[in-house]
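First comes the structure, then the notes that go with it.
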Amino acid sequence: MTKLANDTSTKTDWNKIRSQFPVLDQKINGQDLVYLDNAASSQMPVIVSDRIDHYHKKEHSNVHRGIHSLSQKATDAYESTRTKVQEFINARHKEEIIFTTGTTDSINLVAQSYGRKNFNTGDEIILSEMEHHANIVPWQLIAEETGAVLRIVPMNDAGELDMDTYESLLSEKTKMVAIVHVSNALGTVNPVKEIINLAHQNESLVLIDGAQAVPHSKVDIQDLDADFYTFSAHKMCGPTGFGVLYGKKEILQDMPPYRGGGDMIDKVTFEETTWNDLPYKFEAGTPPIAAGIGLGSAIDYLNEIGMDEIASREAQLLDYATKRINDLEGVRIIGTAKDKASVISFLIDNIHSTDAGTILDQKGIAVRTGHHCAQPIMQHYDIPGTARASISFYNTEEDIDKLIDGIKYVKDFFS
Ligand code: PLP
17 MTKLANDTST
27 KTDWNKIRSQ
37 FPVLDQKING
47 QDLVYLDNAA
57 SSQMPVIVSD
67 RIDHYHKKEH
77 SNVHRGIHSL
87 SQKATDAYES
97 TRTKVQEFIN
107 ARHKEEIIFT
117 TGTTDSINLV
127 AQSYGRKNFN
137 TGDEIILSEM
147 EHHANIVPWQ
157 LIAEETGAVL
167 RIVPMNDAGE
177 LDMDTYESLL
187 SEKTKMVAIV
197 HVSNALGTVN
207 PVKEIINLAH
217 QNESLVLIDG
227 AQAVPHSKVD
237 IQDLDADFYT
247 FSAHKMCGPT
257 GFGVLYGKKE
267 ILQDMPPYRG
277 GGDMIDKVTF
287 EETTWNDLPY
297 KFEAGTPPIA
307 AGIGLGSAID
317 YLNEIGMDEI
327 ASREAQLLDY
337 ATKRINDLEG
347 VRIIGTAKDK
357 ASVISFLIDN
367 IHSTDAGTIL
377 DQKGIAVRTG
387 HHCAQPIMQH
397 YDIPGTARAS
407 ISFYNTEEDI
417 DKLIDGIKYV
427 KDFFS
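With our numbering as the guide, the letters of the sequence shown map in order to residues 17 to 431.
Next up, the structure:
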């Protein structure tokens, strides 16, 4: 991510790319929309929405069940996404790709299935101070149920994990390390390869929350060697309601199902039920088929641009925005890690982030405000929240300039 900050991206016509996102071409509150809330949900290019539309118009049918041709078409389209995801993250096996409704669902699956079977009183789950609530609460729930205990890796004021403390927390009690790859509130890119390596030396499993990493740079799961890795389609130009749990095959095979129902079974009698093979053991019921096909199309789209190209462009925009915000008096960036992705959290003077966000919205500028589902981060800085501009490759320098003008306007408004 930042290591690409000085690369000059020349291959791609970014104006053409931007024109593929019709939602960006509209007025909000009478102003041109400046969409800088990509960490919450990125926008969808027309090729992806067309693909979803095509499914609804020409392929709509249930998957995995029908002998008829339409169902086979839907199944082929839906299952082709599994192969695309496998290749996109370089997983060893297709069965290691479990479809879920998103990162939250993926983490709950691991906590409820792996955790319930394997955690005992006094076992420890290591999280970090910069986790999204989705990577805190599922562990709290299973810890309460099993008697396991949460241990927290602190961070410094730049928003970087204290790796010495992390190492010292690892012990024979550590059953799981669950850490975010890229912080949604700070932009910090964590040294996950080192985190995983240290955990494995300690014989602990690792789940990486990759919700903010997969959309922005190449993730090679075999290189990282994570045991579990999670992400959501709606943050990577795909639709809502769909996501991925990657898990190592041998670990998934040993885990019980998380939900029961159709599709996840082999044989059902009232006395006993046996489970379907991976990945279907974890996919009960009719899935969001259109959304799954949409994720496949989003992956094709991202691949066509190239993840290195995307990372390089976003690093340029992050650099530009950081410099411009740093030039503004009274504006403080929260999260200044050395390795950052394209997220800038900031405070304007003593203005409450919600007030700042409301005024920016009047100028057509969409940023996120508040605690960003990461309240422990706000507790670290002793602040109620921040305004957050999260940048995608289809943003432009002009969007950043409009944000800067908007921040100046907010300052004037409250002065
Ligand atoms: N983890 C991180 C780092 C996130 O940014 C988010 C969403 O913002 C999530 C988890 C939860 O993702 P979802 O709401 O798609 O389940």
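The beta carbon of each residue, even a glycine, is placed where N, CA and C say it ideally should be.
Values in this document were obtained by computation on a predicted structure and should not be read as measured data.
Do the CB positions of Leu-344 and Asn-411 come within less than 9 Å of each other? Between Leu-344 and Asn-411, the gap from beta carbon to beta carbon reaches 9 Å or more.
Specify the secondary structure class of Tyr-16 as computed by DSSP and reduced to three states. Because the chain here runs from 17 to 431, residue 16 falls outside it and cannot be looked at.
Residue from Thr-137, Asn-124, Asn-134, Val-39 whose Cα sits closest to the Cα of Pro-154: Among Thr-137, Asn-124, Asn-134, Val-39, the Cα nearest to that of Pro-154 belongs to Asn-124.
Please specify which runs of the beta strand (DSSP E), each continuous and at least 3 residues long, are wholly inside the region 224–255, giving them in chain order. Every unbroken stretch of the beta strand (DSSP E) spanning 3 or more residues and falling wholly within the region 224–255 is given here in chain order: 244–248.
Environment of Ser-85 [buried if 16+ CB atoms lie within 10 Å]: With fewer than 16 Cβ atoms within 10 Å of its Cβ, Ser-85 is classed as exposed.
The region 368–376 touching the region 241–254, judged by at least three CB pairs closer than 8 Å: In the pairwise beta carbon analysis, the region 368–376 is classified as not touching the region 241–254: fewer than three pairs are separated by under 8 Å.
Express the C-alpha separation of Met-171 and Ile-224 in angstroms, rounding to a whole number. So the alpha carbons of these two residues sit roughly 17 Å apart.
Using alpha carbons as the reference points, say which of Ile-416, Ser-408, Ala-194, Leu-419 lies closest to Phe-37. Distance from the Cα of Phe-37 is smallest, within the candidate group Ile-416, Ser-408, Ala-194, Leu-419, for Ser-408.
Can you check whether the CB of Val-165 is closer than 9 Å to the CB of Leu-11? Coverage of the chain is limited to positions 17 through 431, which leaves residue 11 absent and any answer about it impossible.
Outcome for Arg-108 when other beta-carbon atoms lying within 10 angstroms are tallied against a minimum of 16: Arg-108 counts as exposed, since fewer than 16 other beta carbons sit within 10 angstroms of its beta carbon.
Per DSSP, cross-strand counterpart(s) of Trp-30: In the DSSP output, where bridge partners are listed per residue, Trp-30 has none listed.
Given this structure, state the Cα-to-Cα distance separating Gly-301 from Tyr-317, to the nearest angstrom. Cα atoms of Gly-301 and Tyr-317: separation of roughly 28 Å, rounded to the nearest angstrom.
Measure the C-alpha to C-alpha separation of Ala-372 and Thr-120 and round it to an integer number of angstroms. Answer to the nearest angstrom: the Cα atoms are 29 Å apart.
Terminal residues of the beta strand (DSSP E) in which Leu-49 lies: Neither: Leu-49 is in no beta strand (DSSP E) and is coded neither H nor E.
Here's a check: name, in chain order, each residue in its chain whose Cβ is nearer than 7 Å to the Cβ of Met-252, leaving out the five neighbours to either side. The beta carbon of Met-252 sits closer than 7 Å to the beta carbons of Ser-58, Val-230, Pro-231, Ala-314, Leu-318 from its chain, once the five residues preceding and following it are set aside; these are given in chain order.
Would you report the Cα separation of Lys-427 and Ile-364, rounded to the nearest angstrom? Counting only the Cα atoms, Ile-364 lies some 7 Å from Lys-427.
Does the beta-carbon of Asn-151, which I'm using as the reference point, lie nearer than 8 Å to any heavy atom of ligand 1? Placement of the Cβ of Asn-151 at a distance of less than 8 Å from at least one heavy atom of ligand 1 is found.
Identify which residue in Gly-259, Lys-297, Phe-104 has its Cα closest to the Cα of Arg-275. Ranking the options by Cα distance to Arg-275, first place goes to Lys-297.
In the DSSP output, what is Thr-91 paired with across the bridge? Answer is none; Thr-91 lacks a bridge partner.
Taking only three categories from DSSP, how would you classify Leu-344? Three-state result, Leu-344: coil.
Could you give the C-beta distance for Val-205 and Ile-195, rounded to a whole number, given that I count them as a contact under 8 Å? The pair is not a contact, with the Cβ atoms about 12 Å apart (cut-off 8 Å).
Tell whether a beta-carbon distance below 9 Å holds between Met-280 and Ser-129. No; because the gap between Cβ atoms is not below 9 Å, this pair is not in contact.
Work out the CA separation of Glu-287 and Gly-203 for me, nearest whole Å. If I take the Cα positions, the gap works out to 51 Å.
Output the boundary residues of the beta strand (DSSP E) element that contains Glu-140. Residue range 140–144 is occupied by the beta strand (DSSP E) that includes Glu-140.
Straight-line Cα distance separating Phe-104 from Val-235: Rounded to whole angstroms, Val-235 to Phe-104 spans 8 Å at the Cα level.
Buried or exposed for Lys-418, please, with buried defined as at least 16 other CB atoms from any protein chain shown within 10 angstroms of its CB. By the neighbour-count rule (16 or more Cβ atoms within 10 Å), Lys-418 is buried.
Need the endpoints of the alpha helix (DSSP H) that Met-192 sits in, please. Counting along the chain, no alpha helix (DSSP H) covers Met-192; the unbroken beta strand (DSSP E) around it starts and ends at 190–196.
Should the region 181–198 be called in touch with the region 136–143, which here means at least 3 C-beta pairs below 8 Å? They touch, by the three-pair rule.
Thinking just about the alpha-carbon of each residue, which of Arg-98, Asn-78, Thr-99 is nearest to the one in Lys-89? That would be Asn-78, whose Cα lies nearest to the Cα of Lys-89.
Look at Ile-416 and Ala-307 and say whether their C-beta atoms are less than 9 Å apart. In this structure, Ala-307 does not lie closer than 9 Å to Ile-416 by Cβ.
What residues in its chain sit with their C-beta under 7 Å from that of Gly-226, if we drop five residues either side in the sequence? Excluding residues within five positions, the ones whose Cβ falls inside 7 Å are His-197, Val-235, Tyr-245, Thr-246, Phe-247.
Spatial neighbours of His-388 in its chain, beta-carbon cut-off 7 Å, leaving aside the 5 residues before and after: Answer for His-388: Asn-200, Ala-201, Arg-404, listed in chain order.
Taking 8 Å as the cut-off, is the beta-carbon of Ser-148 closer than that to any non-hydrogen atom of ligand 1? For the sequence presented, residue 148 should be read as His rather than Ser. True, at least one ligand heavy atom lies under 8 Å from that Cβ.
Quick check: Ala-390 and Met-146, are their CB atoms within less than 9 Å of each other? Yes, these two residues count as a Cβ contact at 9 Å.
In chain order, each alpha helix (DSSP H) run of at least 4 residues that lies wholly inside the region 384–412: Fully enclosed alpha helix (DSSP H) runs of 4 or longer: 391–397.
Quick one: what's got a C-beta closer than 8 Å to Arg-98's C-beta in the same chain, skipping five residues either side? Cβ neighbours of Arg-98 beyond the five flanking positions: Lys-110, Ile-113, Phe-115, Pro-295.
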